[in-house]
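Residue numbers (the numbering used here), protein chains in the order written: chain A, 1 to 505; chain B, 1 to 647.
Before any comments, here is the structure.
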Amino acid sequence: MPLLSLIVFTPLLGAIVLMLMRADQHAALRRGAFLFSLVPFGFSILLLARFTPTEAVFQFTEKAAWIPSFAINYALGVDGISLFLVLLTTFLMPIVVLSGWGDIHKRVKEYMVFLLLMETGMLGALVATDLFLFYVFWEVMLIPMYFLIGIWGGQRHIYAAIKLVLYTMAGSLLMLVAIVYLAVAHQQQFGQYSFDLQRLLEFTLPVTTQRWLFAAFALAFAIKVPMFPLHTWLPDAHTEAPTGGSVILAGVLLKMGTYGFLRFAIPLFPQAAFEAMPLIATLAIIGIVYGALVCMVQPDLKRLVAYSSVSHLGFVMLGLAALNTQGVQGSLYQMLNHGLSTGGLFLAVGVIYERRHTRLIKEFGGLWAQLPVYAAIFMVVMLSSVGLPGLNGFVGEFLILIGAFKAYPTGTAIASSGVILGAVYLLWMYQRVMFGPLDNPENQKLKDLSTREILVFVPLIIMFFVMGIYPKPFLSRMEPSVQATLARLEKKLAETGSSNQVAQR
Amino acid sequence: MHEAITHTAVAVSYLWLIPALPALGVLVNLSLGALLGKGAVGFIAPGTVAGGFGVALYCLVQILQLPPGSALEQTLWPWISAGNLQVDIAFRVDALSAVMICVVTGVGFLIHIYSVGYMHDDPSYARYFIYLNLFTCAMLILVLADNLPLLFVGWEGVGLCSYLLIGFWFDKEANASAGKKAFVVNRVGDAGFLLGTFLLFWSLGVGTHSLSFQDIAAHAKSIPLDTVTLITLLLFVGATGKSAQLPLYVWLPDAMAGPTPVSALIHAATMVTAGVYMIARLNFLFVLAPATLTVVATIGALTALFAASIGLMQNDIKKVLAYSTVSQLGYMFLGVGVGAFSAGVFHLMTHAFFKGLLFLGSGSVIHGMHGEQDMRRMGGLRTYMPTTYRTFLIGTLAIAGVPGLAGFFSKDLILAHAFSSSPVLWLVGLCAAGMTAFYMFRLVFMTFWGECRADEHTKHHIHESPATMTVPLVLLAVLSIVGGYVGLPEMWAWGNRFDAFLAPVFAAAQGGEHHMEMGLEYALMAASVGVAVGGIALAYVLYVARPELPGQIADQAAGAYDLISNKYYVDELYDAVLVQPALKLSNLLWRVVDVGIVDGIVNGSARVVGASSSFWRRWQTGNVEHYAVSMLFGAVLILVFFAWHSS
Numbered sequence: 001m002p003l004l005s006l007i008v009f010t011p012l013l014g015a016i017v018l019m020l021m022r023a024d025q026h027a028a029l030r031r032g033a034f035l036f037s038l039v040p041f042g043f044s045i046l047l048l049a050r051f052t053p054t055e056a057v058f059q060f061t062e063k064a065a066w067i068p069s070f071a072i073n074y075a076l077g078v079d080g081i082s083l084f085l086v087l088l089t090t091f092l093m094p095i096v097v098l099s100g101w102g103d104i105h106k107r108v109k110e111y112m113v114f115l116l117l118m119e120t121g122m123l124g125a126l127v128a129t130d131l132f133l134f135y136v137f138w139e140v141m142l143i144p145m146y147f148l149i150g151i152w153g154g155q156r157h158i159y160a161a162i163k164l165v166l167y168t169m170a171g172s173l174l175m176l177v178a179i180v181y182l183a184v185a186h187q188q189q190f191g192q193y194s195f196d197l198q199r200l201l202e203f204t205l206p207v208t209t210q211r212w213l214f215a216a217f218a219l220a221f222a223i224k225v226p227m228f229p230l231h232t233w234l235p236d237a238h239t240e241a242p243t244g245g246s247v248i249l250a251g252v253l254l255k256m257g258t259y260g261f262l263r264f265a266i267p268l269f270p271q272a273a274f275e276a277m278p279l280i281a282t283l284a285i286i287g288i289v290y291g292a293l294v295c296m297v298q299p300d301l302k303r304l305v306a307y308s309s310v311s312h313l314g315f316v317m318l319g320l321a322a323l324n325t326q327g328v329q330g331s332l333y334q335m336l337n338h339g340l341s342t343g344g345l346f347l348a349v350g351v352i353y354e355r356r357h358t359r360l361i362k363e364f365g366g367l368w369a370q371l372p373v374y375a376a377i378f379m380v381v382m383l384s385s386v387g388l389p390g391l392n393g394f395v396g397e398f399l400i401l402i403g404a405f406k407a408y409p410t411g412t413a414i415a416s417s418g419v420i421l422g423a424v425y426l427l428w429m430y431q432r433v434m435f436g437p438l439d440n441p442e443n444q445k446l447k448d449l450s451t452r453e454i455l456v457f458v459p460l461i462i463m464f465f466v467m468g469i470y471p472k473p474f475l476s477r478m479e480p481s482v483q484a485t486l487a488r489l490e491k492k493l494a495e496t497g498s499s500n501q502v503a504q505r
Numbered sequence: 001m002h003e004a005i006t007h008t009a010v011a012v013s014y015l016w017l018i019p020a021l022p023a024l025g026v027l028v029n030l031s032l033g034a035l036l037g038k039g040a041v042g043f044i045a046p047g048t049v050a051g052g053f054g055v056a057l058y059c060l061v062q063i064l065q066l067p068p069g070s071a072l073e074q075t076l077w078p079w080i081s082a083g084n085l086q087v088d089i090a091f092r093v094d095a096l097s098a099v100m101i102c103v104v105t106g107v108g109f110l111i112h113i114y115s116v117g118y119m120h121d122d123p124s125y126a127r128y129f130i131y132l133n134l135f136t137c138a139m140l141i142l143v144l145a146d147n148l149p150l151l152f153v154g155w156e157g158v159g160l161c162s163y164l165l166i167g168f169w170f171d172k173e174a175n176a177s178a179g180k181k182a183f184v185v186n187r188v189g190d191a192g193f194l195l196g197t198f199l200l201f202w203s204l205g206v207g208t209h210s211l212s213f214q215d216i217a218a219h220a221k222s223i224p225l226d227t228v229t230l231i232t233l234l235l236f237v238g239a240t241g242k243s244a245q246l247p248l249y250v251w252l253p254d255a256m257a258g259p260t261p262v263s264a265l266i267h268a269a270t271m272v273t274a275g276v277y278m279i280a281r282l283n284f285l286f287v288l289a290p291a292t293l294t295v296v297a298t299i300g301a302l303t304a305l306f307a308a309s310i311g312l313m314q315n316d317i318k319k320v321l322a323y324s325t326v327s328q329l330g331y332m333f334l335g336v337g338v339g340a341f342s343a344g345v346f347h348l349m350t351h352a353f354f355k356g357l358l359f360l361g362s363g364s365v366i367h368g369m370h371g372e373q374d375m376r377r378m379g380g381l382r383t384y385m386p387t388t389y390r391t392f393l394i395g396t397l398a399i400a401g402v403p404g405l406a407g408f409f410s411k412d413l414i415l416a417h418a419f420s421s422s423p424v425l426w427l428v429g430l431c432a433a434g435m436t437a438f439y440m441f442r443l444v445f446m447t448f449w450g451e452c453r454a455d456e457h458t459k460h461h462i463h464e465s466p467a468t469m470t471v472p473l474v475l476l477a478v479l480s481i482v483g484g485y486v487g488l489p490e491m492w493a494w495g496n497r498f499d500a501f502l503a504p505v506f507a508a509a510q511g512g513e514h515h516m517e518m519g520l521e522y523a524l525m526a527a528s529v530g531v532a533v534g535g536i537a538l539a540y541v542l543y544v545a546r547p548e549l550p551g552q553i554a555d556q557a558a559g560a561y562d563l564i565s566n567k568y569y570v571d572e573l574y575d576a577v578l579v580q581p582a583l584k585l586s587n588l589l590w591r592v593v594d595v596g597i598v599d600g601i602v603n604g605s606a607r608v609v610g611a612s613s614s615f616w617r618r619w620q621t622g623n624v625e626h627y628a629v630s631m632l633f634g635a636v637l638i639l640v641f642f643a644w645h646s647s
């Protein structure tokens, strides 16, 4: 059974089915989209069950010639690095669809179609083991997101959508050039093109070439992450996107950047990556502190959560830049955590936005008295994002910082201020929204969560606890692939005599 | 010396019950609290803690029966593992943890019972007990944890509950702000704690490490002195946050915004002592860093004096007790800082009894006075609330260091050890002891003696508290007396059983066993008693015999009076030096760097391209189909290039 193809393309199938349905049947469209989002989740549970935890190589591989004249293949595979990102995507999607039942009332059909199309794009990018195929899926993700923001977005949706596209395209095109260059270089050395990741990993380029190609890949991924100072598209995109768009954006799309570093940019160009890591770490640390500081003074809830992503993704990049098991494992784990926690934060903000049609913090206050269930759920989500020990975020943060401390002790000491500031901006935001007197008459009429809305949050909250208390099933499946990646890096660096530096990490 | 630490460990299967029982209370009251009603909630919450107390006592009995230095252990499941880091969820009870779990569940149980009466009319009754049970669970994880990361789970967990309970009455902005302040200031300390943990981990040498206390103890001696000093200093930063020491004590006085039983449990008896516990737990590490211990002792002594001086002039009954707590915690740090770990833990225990009692007593007063906390509007309450008065007086005598009560023995032990380490530290501690006796009796005289200064309406309604509140007061009063007799001076018959019980835990620390001359020890004791009596007498003169004097003194030394009654303006200083600049910087970064510079470049370059050529403008239509087409066009071009290239 081509399990990966089933996971990747059932959402596309769902999108086609929805397209054939009548646009005014909102209830049927919503249910249909929900069911079709559950199918890939079901398949990915099967994937998890059949995954061999001890293996580092790609599993469930599929391969078929696509454009044979350039040796471009339809090649899929999953390993410990991509496994849980696939699961994160398929897990979040039903939640996103369900949350869209309440707040999307115009062009429901198109909304659901775009969501499912985007799911295919994201899943494809995560399991592609052919660089050209990866690039195709990478671009496919962008288009539905453009429409989600452009059509269902807020007041400045056009500006935000164009900014997103221009920023991302700027990076992507350079990456495309680099991918083509790689294939051509391979052809010059071995007489045939190759876009195959496995093969290209064995291929050692001169360091100067590596630097250029790494820069091109890194730019594309750094924009997606987004790393400081390439982050300014994110607050606009998040603020203007509908809730579901924000959840996907934060939950999965940003991970494509960090995943890209770990999967492609670092292993393909090891010497260049190794040289660049101090710079990456520096930018990551700046991002952590900068994002957190800017977060504190945001008057708009969604913009605040958006800037918190800049800070949190800084932690993820810092872990990667450590290039040791703890740092990279923590980074990978934190990708999942950030997807769940920040996704949860956007869903929580979406609840009151839908009711009040404002995102300004000063419009709220004292909501706990009126919406106790909502307040309690928001509290857990907020604490997960703060990184409270016992919940998911702590495990990732702890591993990242302990790993990074080995490689960059001073930088990590600075980054740990992000732990303090994270508590400041989230607790202060929570206080201004939930505590204090309930004195705005508009807020005194608000209704607490409906059963559907509670159901949206329940799976997330369960995962917060599971991943905080028993992370072993996740970490143990990631570890072989992470260690293999690091070992390959070390081997390649040893060839050029930089191994001492790695051993020190 | 490490033999004692690695002594026999007995694997048992019931330790998990101790934190799990209050956790069960949380789950039941959270899911069914609204259905069950107040009666059931008020039964379940204390009931689970009583169950925990039962298991804790059983553990204590086991430890007493096993050979000295034994421990009970339970490993539940692997937790954080990556590379050579393998941390488990594991619990361990040795003599030190046994004392702690008994204090936490025992005092905790009494305070739960008290709360049933105190919170009876609060509409958020169930929420209160959910938080209180959650706190108990987190505190038990903290003291049961077998490794540093798991200890940190409890450490932050109690911080969370503290945040929630300080801001319990959240409709008042000030309460919510006080809660947030507590959490944030604690996090400043926690960042230090984490960095200390990281540095410790990477200093343990090659091989896999679990960061369990045995693992740390086994490898601690191979750590270079500079590194171990830095590690312990960073961990101590965490302790100053959690245990409200200079310079991170500022959250604790504000924390009094929470319900008074919470102040008793969290901000006096248990949570705030976590820093002392952590240092005692890691005694084998701290003794390797004499410089750190000097810092700990100095900070402790200075905090004891500093906070006591603020306590002299507070008029809010709870604020007096809050500064008193900061000051008493200072004594505990002074104790562990001079290497007298068991003395520090002894004072931790007796303080849990008498300060828990004092806070609950103040709660009883506030309850009886319908929320009044200003002592200037109290007075004469001993006739209205006789049980509260009598028990409160016992607590006051204990904290003031009057011979025969618990506080006398524990405080004196610390001061004696401080003297043999440094007479200056002893003198600072002695001064603080005098101040303690003074401000506590000032409190008693202003509250319970003299004429009642409340308005007629309040006066009419003053009443003694119900039995659910007075029974815990009586029990704690008994403990405040007898609690001291487990640790008598060594020179007396019976001796210090408490010290003997804990000795195996602190084996690494007892290298330089010092024996003090009996005459000197009596002299020090006499000095302690002297300052206590002096403080009490002065309070009597100023607040009973010559009540017009305090006003005159305040007028004559207006500058000093102003400085101290405004708490040395530390909050204002922090606001001006840290908070406001941070907000200004943040606004600058956002409006200038983000929106101005970065976006300016992005938008500007888009505009330049757009304006420079009408050709390019056609591509910038904002119409995504055009982008899609252009992407496709580009892809085709590339493919054509390949086709041409390969042919």
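The beta carbon of each residue, even a glycine, is placed where N, CA and C say it ideally should be.
Any idea if residue i is buried or exposed, counting beta-carbon neighbours within 10 angstroms, 16 or more meaning buried?
| i | result |
| --- | --- |
| N566 of chain B | exposed |
| R156 of chain A | exposed |
| A281 of chain A | buried |
| Q326 of chain A | buried |
So the alpha helix (DSSP H) residue i belongs to, where does it begin and stop?
| i | result |
| --- | --- |
| S212 of chain B | No alpha helix (DSSP H) holds S212 of chain B; DSSP gives it neither H nor E. |
| V194 of chain A | Per the sequence shown, the amino acid found at residue 194 of chain A is Ser instead of Val. S194 of chain A -> no alpha helix (DSSP H), and no H or E assigned at all. |
| V295 of chain B | P290 to G311 |
| S31 of chain B | L17 to L36 |
Per DSSP, what kind of secondary structure is residue i in: helix, strand or coil?
| i | result |
| --- | --- |
| P473 of chain A | helix |
| E173 of chain B | helix |
| R211 of chain A | helix |
| P267 of chain A | helix |
| I80 of chain B | strand |
| A23 of chain A | coil |
| K106 of chain A | coil |
| P278 of chain A | helix |
Give the C-beta separation of residue i and residue j to the nearest angstrom, bearing in mind that I take them to be a contact with Cβ-Cβ under 8 Å.
| i | j | result |
| --- | --- | --- |
| V136 of chain A | A15 of chain A | At roughly 17 Å, the Cβ-Cβ gap does not stay under 8 Å, so V136 of chain A and A15 of chain A are not in contact. |
| S308 of chain A | I288 of chain A | Actually they do not touch by this definition, with Cβ atoms about 11 Å apart. |
State the start and end residues of the unbroken beta strand (DSSP E) segment that holds residue i.
| i | result |
| --- | --- |
| F228 of chain A | Per DSSP, F228 of chain A belongs to no beta strand (DSSP E) and is neither H nor E. |
| G521 of chain A | With chain A covering 1 to 505 only, the question about residue 521 of chain A has no answer from this structure. |
| R92 of chain B | L85 to V93 |
| E62 of chain A | Q59 to I67 |
| A11 of chain B | A9 to A11 |
Q. Using a beta-carbon distance cut-off of less than 8 Å, what residues from the segment 380-392 of chain A approach chain B?
A. For the segment 380-392 of chain A, which is checked against every Cβ of chain B, the residues closer than 8 Å are L383, L388, P389 and G390.
Q | Contacting positions in the segment 161-185 of chain B - beta carbon closer than 9 Å to chain A | A | Here the close residues are Y163, L164, G167, F170, D171, K172, E173, N175, A176, S177, G179, K180, F183 and V184.
Q | Cβ-based contacts, 8 Å cut-off: residues of the segment 419-439 of chain A near chain B | A | Listed in sequence order: V419, I420, A423, V424, L427, W428, Q431, M434, F435, G436, P437 and L438.
Q | Interfacial residues, the segment 71-84 of chain B to chain A, with Cβ spacing under 9 Å | A | So the list reads W77, P78, W79, I80, S81, A82, G83 and N84, given in the order they occur along the chain.
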